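Asker: Mind having a look at this structure? Questions to follow.
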Amino acid sequence: LCRRGGFRRGLRRARRLVELHVQRGRVEFRHLGLRLDEEGRARLRQLPRFVDAVAALDRLVQFGQQQRDAVRGRRRDQALQLPEQYVFSPPDATLAQLQSGISRLPSDALLRLRLPSLDDAAYREVAVRLADALRGTEVRLVLDRDASMAAELGAWGLHLSAARLYQPEALNTEGLKVIASAHHRRDLERAVQLGCDAAVLGNVGVTKTHPKAPPLGWTGFERETFGVPMPVYAIGGVGSADLPAAFSAYA
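Take the sequence shown: its position 192, counted from the start at 1, is 193 in our numbering, and no numbers get skipped.
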């Protein structure tokens, strides 16, 4: 229809409220309906196939909404099986700081022990002592080294970096819950392919650790996670006060 001169001239006088964005097989609907001035409507009415085209578009939009709602429903049901909040330890925290901070954590949070500067032996020692300190609480420990260490120490889950998603070892998870780091849509799709239980995506806001990285914002977060059939935690410049916004963005 866009090749028909009348339709094209009519749309020049229209306020566009329909945008279909197709990327990697997913369709995103930004606006619904057409709003035309009188001259635009008159020109479009001269095209006999216009009504059929609008009806077809309406069916396509309805189908897309149904698929979107189905995916969001599955993601919500899976998310209900996970804690609402996933906390990362400060990368330079000491054992004493980690132990003293347990009381300030949300009661049923996930806690990732993130100490990139430690070698595996030192990391293991901290993990053992932190796991002992967490006994009797509902906080669940997530480790980010090899799966065998996490399983041996009784951790709740394993955290995979985005780089590890593309390594063969990513398939060996020792039966643990697995959460993946994602920086963009491709990482999320890889995490789904591997059968990860959830992912994290960010940074949503401005962070001290990545001050030059442009934040996604909640709109960007929702765009990147659109159609992803697993729970995705929002990270980077967010906290407990941002839960309502996170839920609105289907985090």
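From the three backbone atoms N, C-alpha and C, an ideal C-beta is built for every residue, glycine too. It should be emphasised that the depicted structure is a prediction, and the values quoted were computed from it without experimental measurement.
Taking the beta carbon of Ala247 as the centre, do at least 16 other beta carbons fall within 10 Å, making it buried, or is it exposed?
Answerer: The residue given as residue 247 occupies position 246 in the sequence shown. It is buried - the Cβ of Ala247 has at least 16 other Cβ atoms within 10 Å.
Asker: Please give me, in chain order, every unbroken run of the beta strand (DSSP E) with length at least 3 that falls completely inside the segment 82-156.
Answerer: 87-89, 111-114 and 141-144
Asker: If I measure Cβ to Cβ from Ser249 and keep anything under 8 angstroms in the same chain, skipping five residues before and after, which residues do I get?
Answerer: Here residue 249 refers to the residue found at position 248 when the sequence shown is read from its first residue. Here the set comprises Trp219.
Asker: Using only alpha-carbon positions, find the residue among Leu177, Ser149, Ala192 and Tyr251 that is nearest to Tyr167.
Answerer: Looking up residue 167 in the sequence shown gives position 166. Comparing Cα-Cα distances from Tyr167 to each of Leu177, Ser149, Ala192 and Tyr251, the minimum goes to Ala192.
Asker: Rounded to whole angstroms, what is the Cα-Cα separation between Ser241 and Gln86?
Answerer: To locate residue 241, count along the sequence shown from 1; it is residue 240. To locate residue 86, count along the sequence shown from 1; it is residue 85. In a straight line, the C-alpha of Ser241 is about 8 angstroms away from that of Gln86.
Asker: For Glu223, which residues in the same chain have their Cβ closer than 8 angstroms to its Cβ, ignoring the five residues on either side in sequence?
Answerer: Taking the sequence shown and counting its residues from 1, the one referred to as residue 223 is at position 222. Same-chain partners within the cutoff: Ala250 and Tyr251.
Asker: Counting pairs of Cβ atoms below 8 angstroms between the segment 139-147 and the segment 113-127, do you hit three or more?
Answerer: yes
Asker: Under the rule that 16 or more other beta-carbon atoms within 10 Å means buried, what is Asn173, buried or exposed?
Answerer: Within the sequence shown, numbered from 1, the residue matching residue 173 stands at position 172. Exposed.
Asker: Just to confirm the assignment, what range does the beta strand (DSSP E) spanning Ser182 have?
Answerer: The count along the sequence shown starts at 1 and reaches residue 182 at position 181. Run containing Ser182: Lys178 to Ala183, per the beta strand (DSSP E) assignment.
Asker: How long is the line joining the alpha carbons of Arg31 and Gly221, rounded to whole angstroms?
Answerer: Indexing the sequence shown from 1 puts residue 31 at position 30. Indexing the sequence shown from 1 puts residue 221 at position 220. With a pLDDT of only 44 at Arg31, under the threshold of 50, the placement of this residue in the model should not be trusted; the figure read from the coordinates follows. For Arg31 and Gly221, the distance between alpha carbons rounds to 13 angstroms.
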